[in-house]
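*Asks:* Basically the working numbering = 1-based index in the sequence shown + 89.
We put the CB at the ideal spot given by N, CA and C, even for glycine.
Take this structure first; my questions come after.
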Amino acid sequence: MVRHVIALDVGGTGMKAALVGDGGGLLHRARRATGRERGSDAVVADILDFAAELRAYGLERYGEPAAAAGLAVPGIVDERHGVAVYAANLGWRDVPLRALLAERLGVPVALGHDVRTGGLAEGRIGAGRGADRFLFVPLGTGIAGAIGVDGRVEAGAHGFAGEIGHIVVRPQGTPCPCGQRGCLERYASASAVSEAWAAACGDPEADAADCAKAVASGDPNAVRVWQGAVDALADGLVTALTLLDPRTLIIGGGLAEAGDVLFGPLRDAVRRRVTFQKLPSIVPAALGDSAGCLGAGLLARDLLTTGPTPTTPEVTA
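Laid out in structure tokens, this is it:
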């Protein structure tokens, strides 16, 4: 008999899942399409069915059912009440996911925001391990953040803590779907770089990874596009570090896969901008696209020692 928990990370197109043992080891992994084209009710049903299948597998394979479950989802998440408030990509509003999953599985369930849950994993077992204060910023389709302060990941009073992608870095700049103009994610997300590079090189299929390769080869147009994104990112990050004073700044997401092509100029750009602020370590995320799932496992394991779902899960150094 092996005590374990269920970890589920739900994305816009796919779900990643794992059974996680007491020591944190991954006992079993699985993936499944989210199936959002069938509507929000179908997505919720698929999540519940997937979790039930994982429970059944664990019972058969390890001699006992999962002791708890952790679920990470995108959008606006009310972690205190266990409600998925809104997710544009999945089409749901005010879904009581924690209660639904707990009823289906018969065990305690923790619900977390995908970026904060990924930040929890990076802070506890990934690139931020050992840092008492960190900021995790994944650069993907958009830009969000997870704030690690005094041993916990902050959700904020209304669940919006860490939305660094909507810091205005270019006043009166490009309109953002949030209603503002000049938001950071309109300049420095992977999708923004892809759009800018596709326009610059004349290839509508070109993306941010292609831009990074062109930068590495010395293409001046690529360098111009890339540096524009780096400068905007540095402006946003300096605002964040001025407010939060993190010891470690963890950069993840698809854009971080460019490695030194990103981190070299980014460290230089941030260094040039700081004055009185203390320069944090700027490091790449360590867990890749597994961070959300690993974080969900940590949320579930925390339930076994802390009781009811914490609003701000602990991050141990």
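Count the other CB atoms, across all protein chains shown, that sit within 10 Å of the CB of residue 187; report buried if there are 16 or more and exposed otherwise.
*Replies:* Residue 187 sits at position 98 when you count from the first residue of the sequence shown. Classification for residue 187: buried.
*Asks:* Determine the closest residue to residue 237 out of 383, 120, 364, 210, with distance taken between C-alpha atoms.
*Replies:* On the sequence shown, position 148 is the one that residue 237 refers to. Cα-wise, what sits closest to residue 237 is 210.
*Asks:* Considering just the uninterrupted stretch of the beta strand (DSSP E) at residue 123, what are its terminal residues?
*Replies:* What you label residue 123 is simply residue 34 of the sequence shown in a count that begins at 1. Taken as a continuous stretch (DSSP letters only), residue 123 belongs to no beta strand (DSSP E), as it is neither H nor E.
*Asks:* Have a look at residue 189 and residue 127 and give me their C-alpha separation to the nearest angstrom.
*Replies:* As a first step, residue 189 must be located in the sequence shown, where it is residue number 100. As a first step, residue 127 must be located in the sequence shown, where it is residue number 38. Cα to Cα, residue 189 sits roughly 19 angstroms from residue 127.
*Asks:* Taking residue 338 as the reference, give the member of 361, 309, 374 with the closest Cα.
*Replies:* Position 249 of the sequence shown, counting from 1, holds the residue named residue 338. Considering only alpha carbons, the answer is 374.
*Asks:* Buried or exposed, going by whether 16 or more other CB atoms sit within 10 Å of the CB of residue 168?
*Replies:* Position 79 of the sequence shown, counted from the start, is the residue given in the question as residue 168. With 16 or more other Cβ atoms within 10 Å, it is buried.
*Asks:* Work out the CA separation of residue 192 and residue 283 for me, nearest whole Å.
*Replies:* Counted from its first residue, the sequence shown places residue 283 at position 194. Counted from its first residue, the sequence shown places residue 192 at position 103. Each residue's Cα considered, the two are about 43 angstroms apart.
*Asks:* To the nearest angstrom, how far is the alpha carbon of residue 156 from that of residue 221?
*Replies:* The residue given as residue 156 occupies position 67 in the sequence shown. The residue given as residue 221 occupies position 132 in the sequence shown. Approximately 29 angstroms, taken between the alpha carbons.
*Asks:* Could you tell me the alpha carbon to alpha carbon distance between residue 248 and residue 307, rounded to whole angstroms?
*Replies:* Indexing the sequence shown from 1 puts residue 248 at position 159. Indexing the sequence shown from 1 puts residue 307 at position 218. Cα-Cα distance, rounded: 42 angstroms.
*Asks:* According to the neighbour-count rule (16 or more other Cβ atoms, all chains shown, within 10 Å of its Cβ), is residue 93 buried or exposed?
*Replies:* Here residue 93 refers to the residue found at position 4 when the sequence shown is read from its first residue. It counts as buried.
*Asks:* If you follow the beta strand (DSSP E) that residue 98 is part of, which residue opens it and which one closes it?
*Replies:* Within the sequence shown, the letter at position 9 stands for residue 98. Note, residue 98: beta strand (DSSP E), 93 to 99.
*Asks:* Taking the alpha carbon of residue 91 as the reference point, which residue from 153, 316, 260 has its own alpha carbon closest?
*Replies:* Sequence index remark: in the sequence shown, residue 91 carries index 2 (1-based). The shortest Cα separation from residue 91 among 153, 316, 260 belongs to 153.
*Asks:* Going by DSSP, what residues sit across from residue 181 in a beta bridge?
*Replies:* Taking the first residue of the sequence shown as position 1, residue 181 is located at position 92. In the DSSP output, where bridge partners are listed per residue, residue 181 has 176.
*Asks:* Just grab the DSSP bridge partners of residue 171 for me.
*Replies:* The count along the sequence shown starts at 1 and reaches residue 171 at position 82. Partner(s): none; residue 171 has no beta bridge.
*Asks:* From 172, 218, 181, 198, pick the residue whose C-alpha is nearest to that of residue 158; which is it?
*Replies:* Reading the sequence shown from its first residue, position 69 is the one you call residue 158. The shortest Cα separation from residue 158 among 172, 218, 181, 198 belongs to 198.
*Asks:* Measuring alpha carbon to alpha carbon, tell me which of 331, 383, 346, 296 ends up nearest residue 223.
*Replies:* For the purposes of this step, residue 223 is taken as residue 134 along the sequence shown, with counting starting at 1. Selected option, being the one with the closest Cα: 331.
*Asks:* Step through the CB atoms of chain B and report whether any lies within less than 9 angstroms of the CB of residue 260.
*Replies:* Here there is only one protein chain, and chain B is not present.
*Asks:* Which residues mark the beginning and the end of the alpha helix (DSSP H) in which residue 105 is found?
*Replies:* As a first step, residue 105 must be located in the sequence shown, where it is residue number 16. Counting along the chain, residue 105 falls outside any alpha helix (DSSP H), though it belongs to the beta strand (DSSP E) covering 103 to 110.
*Asks:* Please state whether DSSP places residue 337 in a helix, a strand or coil.
*Replies:* Translated into positions along the sequence shown, residue 337 becomes position 248. The answer is strand: DSSP assigns residue 337 an E or B state.
*Asks:* Out of 111, 150, 371, 96, point me to the one whose CA is closest to residue 160's CA.
*Replies:* Within the sequence shown, residue 160 is the residue found at index 71, counting from 1. Comparing Cα positions, the closest option is 96.
*Asks:* Residue 60 by DSSP, collapsed to three states: which one?
*Replies:* Nothing about residue 60 can be read from this structure; the chain reaches only from 90 to 406.
*Asks:* Restricting to runs no shorter than 4 residues, where is the alpha helix (DSSP H) found entirely within the stretch 292 to 375?
*Replies:* Counting only runs of 4 or more, we get 297 to 305, 309 to 333, 349 to 362.
*Asks:* Do residue 214 and residue 376 have their beta-carbon atoms positioned less than 9 angstroms apart in this structure?
*Replies:* Looking up residue 376 in the sequence shown gives position 287. Looking up residue 214 in the sequence shown gives position 125. Yes, the pair counts as a contact, with Cβ atoms nearer than the cut-off.
*Asks:* Within 10 angstroms of its Cβ, does residue 225 collect 16 or more other Cβ (buried), or is it exposed?
*Replies:* Numbered from its first residue, the sequence shown carries residue 225 at position 136. Flag for residue 225 reads buried.
*Asks:* So, at 6 angstroms on beta carbons, what are the nonlocal neighbours of residue 335 in its own chain, with the 5 sequence-adjacent residues on each side left out?
*Replies:* In the sequence shown, the residue the question calls residue 335 occupies position 246. Within the same chain, residue 335 has close Cβ partners 222, 223, 224, 369.
*Asks:* From residue 357 to residue 378, what does the alpha carbon distance come to, in whole angstroms?
*Replies:* As a first step, residue 357 must be located in the sequence shown, where it is residue number 268. As a first step, residue 378 must be located in the sequence shown, where it is residue number 289. Approximately 27 angstroms, taken between the alpha carbons.
*Asks:* If we count the other Cβ atoms within 10 Å of its Cβ and call it buried at 16 or more, is residue 80 buried or exposed?
*Replies:* Because the chain spans 90 through 406 in this model, residue 80 falls outside it and cannot be assessed.
*Asks:* Between which two residues does the alpha helix (DSSP H) harbouring residue 139 extend?
*Replies:* As a position in the sequence shown, residue 139 is number 50, starting the count at 1. Start and end: 129 to 151.
*Asks:* Evaluate residue 106 with the Cβ neighbour count: other Cβ atoms within 10 Å of its Cβ, from every protein chain shown; 16 or more gives buried, anything less gives exposed.
*Replies:* As a first step, residue 106 must be located in the sequence shown, where it is residue number 17. Buried.
*Asks:* For residue 255, name the three-state secondary structure that DSSP assigns.
*Replies:* Position 166 of the sequence shown, counted from the first residue, corresponds to residue 255. Of the three classes helix, strand and coil, the one that applies to residue 255 here is helix, per DSSP.
*Asks:* Could you check if residue 333 is buried or exposed, using at least 16 other CB atoms within 10 Å of its CB as the buried criterion?
*Replies:* Working through the sequence shown from its first residue, we reach residue 333 at position 244. When all chains shown are included, residue 333 counts as buried.
*Asks:* Since residue 204 is in the alpha helix (DSSP H), which residue starts that stretch and which ends it?
*Replies:* If you number the sequence shown from 1, residue 204 lands on position 115. Counting along the chain, the alpha helix (DSSP H) containing residue 204 begins and ends at 203 to 214.
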